[in-house]
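S.K.:
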Amino acid sequence: MVIQKEKKSCGQVVEEWKEFVWNPRTHQFMGRTGTSWAFILLFYLVFYGFLTAMFTLTMWVMLQTVSDHTPKYQDRLATPGLMIRPKTENLDVIVNVSDTESWDQHVQKLNKFLEPYNDSIQAQKNDVCRPGRYYEQPDNGVLNYPKRACQFNRTQLGNCSGIGDPTHYGYSTGQPCVFIKMNRVINFYAGANQSMNVTCVGKRDEDAENLGNFVMFPANGNIDLMYFPYYGKKFHVNYTQPLVAVKFLNVTPNVEVNVECRINAANIATDDERDKFAGRVAFKLRVNKA
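For the sequence shown, the positions run 2 to 291 when the working numbering is used.
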């Protein structure tokens, strides 16, 4: 024989819920007395307080093994990459000679980027170094000894320096300048004590034909050893990376040209297909003319 359960009315359900939230007879709130709630809250307070203290102590111990100046592991930066300026989203340098707005944004970015390279600022903050040799600066027993940096003057960029240049780095005349810089790697002796330079080519045969002639500053795209090693942002406060400027003189107009620039150095591999930016950079150049 099946006994049907008596169906409760809506009023009864509400009354039971109200009694569960607060029972005036037993002085229980949501099924627990005040003492019970106090004990359980105290337990969780102590429990989570202990976890927080243990996590904080663990992080503190780990941070004692980390230097504020030199990363402990640099495996991902074993080979420095190259990048270009002006910096664009897809590494596309597009210039429309007749449209000022199309290249003015590049000019503004380059003005800001090259400002620290002004000769007056470099003379004030950095040293005149001896070319052809590394500028090593040992701590000599003084922990975190600040490092000096070698001067890289803006005038070394020749016709791409932008100083008193009515052509705005050549963008207004269809002869744009593109700047190549090497990413910083702490304590890396680029070149393995041998000369190094940057070269640029068209990636395919048709690109080489459309790329035309170009000039590089400093001459031959040379990067001197005196700008290495780099000791880190906190050590090398005034460090300015060496640059190579490439001025494209007669790119075929209205055609997209694929350009690849790479550094030629004894200890920098540029043929790793797994890393397209290891020692090289590829970008697209287009000069539009009406």
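All C-beta atoms in this analysis are idealised placements derived from N, C-alpha and C, irrespective of residue type, glycine included.
Every value quoted in this text rests on a predicted model; they were computed, and no experiment measured them.
1) Between Leu250 and Val216, is the Cβ-Cβ spacing less than 9 Å?
2) Going by DSSP in three states, Lys126 sits in which element: helix, strand or coil?
3) With which residues is Trp23 paired in a DSSP beta bridge?
4) Have a look at Phe30 and Cys11 and give me their C-alpha separation to the nearest angstrom.
5) I'd like the span of the beta strand (DSSP E) that includes Met84, first residue to last.
6) Can the beta-carbon of Asn160 be found closer than 9 Å to that of Phe229?
7) So if DSSP puts Asn198 in a beta bridge, which residue, or which two residues, is it bridged to?
8) Can you name the start and end residues of the alpha helix (DSSP H) that Ile41 belongs to?
9) Cα separation between Ile264 and Ala270?
10) Taking the straight line between their C-alpha atoms, what separation do you get for Arg287 and Thr241?
11) Taking 8 Å as the threshold, find out whether the region 178-196 comes into contact with the region 79-95 through three or more Cβ pairs.
12) With a CB to CB cut of under 6 Å and the five nearest residues on each side skipped, what residues in its chain are close to Asp276?
13) Quick check on this structure: which residue in Ala246, Ala291, Asn255 and Gln65 has the alpha carbon closest to the alpha carbon of Leu83?
14) Would you kindly report the start and end of the unbroken beta strand (DSSP E) that includes Asp93?
15) Cα-Cα, which of Pro167, Ala267, Ala266 and Val260 is closest to Ile85?
16) List the DSSP bridge partners of Asn259.
M.R.: Working from what's here:
1) Stepping through the sequence shown from its first residue, residue 250 is reached at position 249. Stepping through the sequence shown from its first residue, residue 216 is reached at position 215. Yes, these two residues count as a Cβ contact at 9 Å.
2) For the purposes of this step, residue 126 is taken as the residue at position 125 of the sequence shown. Of the three classes helix, strand and coil, the one that applies to Lys126 here is helix, per DSSP.
3) Looking up residue 23 in the sequence shown gives position 22. Partner(s): Phe30.
4) Sequence index remark: in the sequence shown, residue 30 carries index 29 (1-based). Sequence index remark: in the sequence shown, residue 11 carries index 10 (1-based). Cα to Cα, Phe30 sits roughly 22 Å from Cys11.
5) Indexing the sequence shown from 1 puts residue 84 at position 83. Run containing Met84: Leu83 to Arg86, per the beta strand (DSSP E) assignment.
6) Reading the sequence shown from its first residue, position 159 is the one you call residue 160. Reading the sequence shown from its first residue, position 228 is the one you call residue 229. No, these two residues do not count as a Cβ contact at 9 Å.
7) In the sequence shown, residue 198 corresponds to position 197, counting from 1. Bridge partners of Asn198: Asn223 and Asn265.
8) One-based indexing of the sequence shown puts residue 41 at position 40. Where Ile41 is concerned, the enclosing alpha helix (DSSP H) stretches over Gly35 to Leu64.
9) For the purposes of this step, residue 264 is taken as the residue at position 263 of the sequence shown. For the purposes of this step, residue 270 is taken as the residue at position 269 of the sequence shown. Taking the straight line from one Cα to the other gives about 9 Å.
10) Translated into the one-based positions of the sequence shown, residue 287 becomes position 286. Translated into the one-based positions of the sequence shown, residue 241 becomes position 240. So the alpha carbons of these two residues sit roughly 29 Å apart.
11) yes
12) Locating residue 276 in the sequence shown gives position 275, counting from the first residue. Excluding sequence neighbours, Asp276 sits near nothing in its chain.
13) Within the sequence shown, residue 83 is the residue found at index 82, counting from 1. The option with the nearest alpha carbon to Leu83 is Ala246.
14) For the purposes of this step, residue 93 is taken as residue 92 along the sequence shown, with counting starting at 1. Counting along the chain, the beta strand (DSSP E) containing Asp93 begins and ends at Asp93 to Asn97.
15) Stepping through the sequence shown from its first residue, residue 85 is reached at position 84. The candidate whose alpha carbon is nearest that of Ile85 is Val260.
16) Position 258 of the sequence shown, counted from the first residue, corresponds to residue 259. Answer by DSSP bridge pairing, in chain order: Lys285.
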